[in-house]
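Below is one structure, written out as structure tokens; the observations come after it.
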């Protein structure tokens, strides 16, 4: 098992990075903000932390911390400027922002290493450290899905006008979304350069966005669990498919197309639907309302008379808010 | 003078390519990310045909348009329609259509890469040879002139069709409000297929002409143009025919001028910078519809 | 509702903690031990791994390199260099992705019986692999991969000279044609070509009339061409990759430029074919051409032709010499212990040797140094113009 982990250490690292990157797109998406700024902040943070280590001798953690705070600030400022935009327009601007970072980095002269990039960023940062940081990021994302905060996030996404009329400061949630995407993207970028010791212009750009989006679409757009699932699949599947060899890209493409058509909520959404179906199936034949284990509260007990009743639908909705 | 000719030719290429994308994005709300791959694949199909016999440019163009139309139609039928049918709201449908397009593009890319080993390929096996005309200190090839003429004429034709014909009116209605359009008896599905086919034919045409102009392209060439097409459409405004032409020539002009005055490394930054600027100051682009948001 | 929330939160925290604990246990237990002392003397079979792109855009280079490795290893096994031990080569595909390359390297490192690996031709793969190889003390020999940061220590080697070190062999061509000035178009995407454009060419003695950088998204080469020609240089220099080469050559011819063009080896291997007649007249320096006259080179070319029925590319020649070098080091170390092999490589690199790439080859800072040859793209393919600074 340990040998397996060792030989696949690179894949584990890749999964962590892909996961945090995907979260940087998913977390704002859950608040209805379609922003790819996380990919641009990935680039900023990777170069910044590399420069801090190479020029100033920062420790990897100090470099990561500084970079993440910087990119969070960048995210916030970006958010303040572009928060009026919605949907695809927002996506386009953040996309353009990412590409501009790419150009700046090539033209940055000796500081950024031009088209070669920077290398030799040797530190004592290990895969274990990366796992801890990734887990921390996931925990933060998970917490934002729970309880009252979670429901408010839902509201801001589903119906901003209604949320606003209920006293939720939609603008503030949006800005938090931008800041979070900047911080998460920055974390992914900083971790990458610490573990790979190099960063180059070709590592940042369009492919990061495609990677993040694909993970979310395959895994699930609504929850961190989807991001984890997607990151694992997207990172490990190509290696498992070594027999496919050069048709790697084709398989990837087919997978993406199928996921986009048949899995609107991703694989995690499929899992949830399956769970719900099984629970409904389990409940159906019981004439006397035996209480299912996961009935949230007393009011739903009355609705258990028949599966098709509105009460059952209410239970569906209650569980479905995930 | 030469600068101007270069800018006009480049702008025509951008226009031809972006026309198809703008058509579908502005009316049936499909942002087709496989447009670039279809553009490339049409040219690739022509290249494969040329391995058997030396066809003329005219035949190649016809072939490219058929290939492009067929591919786009297929993508709409197999990928986009099912997505739209199953989706619950516009937002998630948008993302899925995006991803579906990216995935399809990857499939086409993989096939072309396999055959060409990612080496550049061209249409120099064709029986048509390109001639260059010189006058003054400037020069231009007949293919470049053809491209410009075709681009502008098609732009005019599509624009007229959207404005004056019944189908064009129906399409614009769908673009404004798909639900009401359906209530009015417009067959959204059928029209969407037709529109995608037209968009694909335009992509195919652009592909053949572009390959002739550039002499060689690689399987990855389509994706590069995709970004430029965005810039054009965004600059001009989604859904506006005048806009996409404006965007195409403005972008081409800016890039050419910059290349002339500087050493070229900042050309990309300007294109992207323009997108950001326009989206911040005037999100609907120069000629697009204004979007109102209250929150 | 409070009950559910607490329960869910607790569940999440417990799951996360459990995951963390599990992973900690795994990482803590796994400590890579490098002190695997193999017995002195060579085992009957020695396994080597070649990690190269066998599919994707760089496949043509990766596959050619693999052919070179295979030929060399077959010859070595037929000879007595390793005293009866046989080399066995495993070829793995990086699929053109740096992460895949790093992953394959890590797999090879964990197999303690492997004394050395052959690294990828792509710089981006090499940049990901070198830190791992150096840190885990696995000798790695690259071909191509000409970027900075690839050869970073005793364990990293490169059997291909840097283009910047041999490009100056083109001086004779420049002198013979009396070129006093040049205009340069180059791609900022390639560090090697950027280096040659901004550092090497200016030192060749010509006046630089204009330099233009293109990027990955440049579609229009007519504009840079027009810019360059407007400054009336004696000769045009085009340092581009992929489809940009035939596009630019055609644009130059259409603009009325009929002279020769100084290029780079990225225009080889059929990349100029789509340009047809317009591509004729591009001249560039390269580290190897199958027509070069050195005896050891011709011996290699004959063997390659006999084995594969075609003329060898420079990628194959580099790999051939790389394999022989590693084999000699293993023979000198008389062991498959990686540290011993590394020391033997260092010692071996102090000698000059004759190989496919030429005679009197030497090493400097872990990379081969040689004079280079100049070839021209003619209507019948690539022709050797001259070799080295002499003939």
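Residue numbers (the working numbering), protein chains in the order written: chain A, 1 to 322; chain B, 323 to 617; chain C, 618 to 1008.
Built from N, CA and C at the ideal position, the CB exists for glycine as well.
Exercise for the section: Take residue 958 of chain C as the anchor and find which of C/969, C/970, C/968 and C/944 has the nearest alpha-carbon. Expected result: Mapped onto the third chain, residue 958 of chain C falls at position 341. Nearest of C/969, C/970, C/968 and C/944 to residue 958 of chain C, Cα basis: C/944.
Problem - Which listed residue (C/806, C/810 and C/773) has its alpha carbon closest to that of residue 784 of chain C - result: One-based indexing of the third chain puts residue 784 of chain C at position 167. Ranking the options by Cα distance to residue 784 of chain C, first place goes to C/810.
Problem - Cutoff 8 angstroms: residue 928 of chain C Cβ touching any chain B Cβ - result: The residue given as residue 928 of chain C occupies position 311 in the third chain. Output row for residue 928 of chain C: interface = no.
Practice task
Scan the region 781-835 of chain C and note each continuous alpha helix (DSSP H) run of 4 residues or more that stays entirely inside, going in chain order.
Solution key: 788-794 and 808-812
Problem - Members of the region 810-830 of chain C that neighbour chain B once the beta carbon cut-off is set at 9 angstroms - result: Per Cβ criterion, the list reads 827, 828, 829 and 830.
Problem - Sequence-distant residues of the same chain with beta carbon closer than 7 angstroms to residue 781 of chain C, five excluded per side - result: The residue labelled residue 781 of chain C in the question sits at position 164 within the third chain. For residue 781 of chain C, where only same-chain residues beyond five positions count, the Cβ hits under 7 angstroms are 812, 813, 816 and 817.
Exercise for the section: Tell me, please, whether the CB atom of residue 96 of chain A is closer than 8 angstroms to any CB atom in chain B? Expected result: Taking the first chain and counting its residues from 1, the one referred to as residue 96 of chain A is at position 96. Yes, residue 96 of chain A counts as interfacial toward chain B.
Exercise for the section: Taking 8 angstroms as the threshold, find out whether the region 206-226 of chain A comes into contact with the region 732-752 of chain C through three or more Cβ pairs. Expected result: no
Exercise for the section: Mind checking which residues open and close the alpha helix (DSSP H) that includes residue 515 of chain B? Expected result: Position 193 of the second chain, counted from the first residue, corresponds to residue 515 of chain B. First-last of the alpha helix (DSSP H) with residue 515 of chain B: 510-536.
Problem - Exposed unless 16 or more other CB atoms sit within 10 angstroms - verdict on residue 728 of chain C - result: In the third chain, residue 728 of chain C corresponds to position 111, counting from 1. Looking at its Cβ environment, which holds fewer than 16 other Cβ atoms inside 10 Å, residue 728 of chain C is exposed.
Practice task
Specify the secondary structure class of residue 436 of chain B as computed by DSSP and reduced to three states.
Solution key: Sequence index remark: in the second chain, residue 436 of chain B carries index 114 (1-based). Residue 436 of chain B falls in the helix class under three-state DSSP.
Exercise for the section: Provide the residue(s) that pair with residue 758 of chain C in DSSP beta bridges, ordered along the chain. Expected result: Locating residue 758 of chain C in the third chain gives position 141, counting from the first residue. According to DSSP, residue 758 of chain C bridges with C/735 and C/774.
Practice task
Select from the region 730-747 of chain C all residues with a C-beta closer than 7 angstroms to any C-beta belonging to chain A, and list them in chain order.
Solution key: 741, 744 and 745
Practice task
Could you check the C-alpha separation between residue 498 of chain B and residue 346 of chain B for me, to the nearest Å?
Solution key: Residue numbering aside, residue 498 of chain B sits at position 176 when the second chain is read from its first letter. Residue numbering aside, residue 346 of chain B sits at position 24 when the second chain is read from its first letter. Using only the alpha carbons, I get a separation of about 13 angstroms.
Problem - Contact with chain A by residue 504 of chain B, beta-carbon distance below 8 angstroms - result: Within the second chain, residue 504 of chain B is the residue found at index 182, counting from 1. Closer than 8 angstroms: no.
Problem - Those runs of the alpha helix (DSSP H) which lie wholly inside the region 913-965 of chain C and span at least 4 residues - result: 931-950 and 955-965
Handout entry: Short Cβ contact (8 angstroms threshold) for residue 470 of chain B with residue 330 of chain B
Key = Translated into positions along the second chain, residue 470 of chain B becomes position 148. Translated into positions along the second chain, residue 330 of chain B becomes position 8. Yes. Within cutoff.
Practice task
Would you check if the region 665-673 of chain C and the region 718-737 of chain C touch, i.e. whether three or more CB-CB distances between them fall below 8 angstroms?
Solution key: yes
Exercise for the section: Kindly indicate which residue of C/886, C/884, C/891 and C/897 has the alpha-carbon position closest to the one of residue 875 of chain C. Expected result: Within the third chain, residue 875 of chain C is the residue found at index 258, counting from 1. Considering only alpha carbons, the answer is C/897.
Problem - 8 angstroms Cβ cutoff, residue 716 of chain C in contact with chain A - result: For the purposes of this step, residue 716 of chain C is identified with residue 99 of the third chain, where counting begins at 1. Yes, its Cβ sits closer than 8 angstroms to a Cβ of chain A.
Handout entry: For residue 669 of chain C, the residue or residues it bridges with in DSSP
Key = For the purposes of this step, residue 669 of chain C is identified with residue 52 of the third chain, where counting begins at 1. Residue 669 of chain C pairs with C/710.
Practice task
Using a Cβ cut-off of 8 angstroms (strictly closer), state whether residue 249 of chain A contacts chain B.
Solution key: Counting from one through the first chain, the residue named residue 249 of chain A turns up at place 249. Taking Cβ atoms only, chain B reaches closer than 8 angstroms to residue 249 of chain A, which makes this a yes.
Exercise for the section: Taking only beta-carbon positions, decide if residue 349 of chain B is within less than 8 angstroms of chain A. Expected result: By 1-based counting over the second chain, the position of residue 349 of chain B is 27. For residue 349 of chain B, the answer is no, since every Cβ of chain A falls outside 8 angstroms of its Cβ.
Practice task
Pull up the distance between the alpha-carbon of residue 423 of chain B and that of residue 405 of chain B, whole angstroms please.
Solution key: Along the second chain, one-based indexing puts residue 423 of chain B at 101. Along the second chain, one-based indexing puts residue 405 of chain B at 83. The straight-line gap from Cα to Cα measures roughly 11 angstroms.
Problem - Option nearest residue 266 of chain A by Cα separation, candidates A/230, A/248 and A/275 - result: The count along the first chain starts at 1 and reaches residue 266 of chain A at position 266. Looking at the Cα atoms, A/230 is the closest of the given residues.
Handout entry: 8 angstroms Cβ cutoff, residue 253 of chain A in contact with chain C
Key = Numbered from 1 along the first chain, position 253 holds the residue referred to as residue 253 of chain A. So, not an interface residue.
Exercise for the section: Would you please verify whether the beta carbon of residue 802 of chain C is less than 8 angstroms from any beta carbon of chain A? Expected result: By 1-based counting over the third chain, the position of residue 802 of chain C is 185. Cβ-Cβ to chain A under 8 angstroms: no for residue 802 of chain C.
Exercise for the section: Select from C/828, C/705 and C/910 the residue whose C-alpha is nearest the C-alpha of residue 973 of chain C. Expected result: Residue numbering aside, residue 973 of chain C sits at position 356 when the third chain is read from its first letter. Nearest C-alpha to residue 973 of chain C: C/910.
Problem - Where residue 902 of chain C sits in the DSSP three-state scheme - result: Taking the third chain and counting its residues from 1, the one referred to as residue 902 of chain C is at position 285. Here residue 902 of chain C sits in strand by DSSP.
Exercise for the section: Measure the beta-carbon distance from residue 540 of chain B to residue 440 of chain B and round it to whole angstroms, keeping in mind my assumption that it falls under 8 angstroms. Expected result: Stepping through the second chain from its first residue, residue 540 of chain B is reached at position 218. Stepping through the second chain from its first residue, residue 440 of chain B is reached at position 118. Their Cβ separation, rounded to whole angstroms, is 6 angstroms, which keeps residue 540 of chain B and residue 440 of chain B in contact under 8 angstroms.
Practice task
Taking the CB atoms as reference points, tell me whether residue 339 of chain B and residue 528 of chain B lie closer together than 8 angstroms.
Solution key: As a first step, residue 339 of chain B must be located in the second chain, where it is residue number 17. As a first step, residue 528 of chain B must be located in the second chain, where it is residue number 206. Taking 8 angstroms as the Cβ cut-off, residue 339 of chain B and residue 528 of chain B qualify as a contacting pair.
Problem - Spatial distance of residue 370 of chain B from residue 485 of chain B (CA atoms) - result: Stepping through the second chain from its first residue, residue 370 of chain B is reached at position 48. Stepping through the second chain from its first residue, residue 485 of chain B is reached at position 163. If I take the Cα positions, the gap works out to 38 angstroms.
Exercise for the section: Have a look at the DSSP bridge pairing and note the partners of residue 999 of chain C. Expected result: As a first step, residue 999 of chain C must be located in the third chain, where it is residue number 382. Partner(s): C/994.
Problem - residue 669 of chain C and residue 737 of chain C closer than 8 angstroms at C-beta - result: For the purposes of this step, residue 669 of chain C is identified with residue 52 of the third chain, where counting begins at 1. For the purposes of this step, residue 737 of chain C is identified with residue 120 of the third chain, where counting begins at 1. Contact flag set, yes.
Practice task
Check the Cβ of residue 239 of chain A against every Cβ in chain C and list those closer than 9 angstroms, keeping chain order.
Solution key: Residue numbering aside, residue 239 of chain A sits at position 239 when the first chain is read from its first letter. Result: 717 and 720.
Exercise for the section: List the residues of chain C whose Cβ lies closer than 7 angstroms to the Cβ of residue 484 of chain B, in chain order. Expected result: Your numbering for residue 484 of chain B matches position 162 in the second chain. Here the premise fails: no neighbours, minimum Cβ distance about 27 angstroms.
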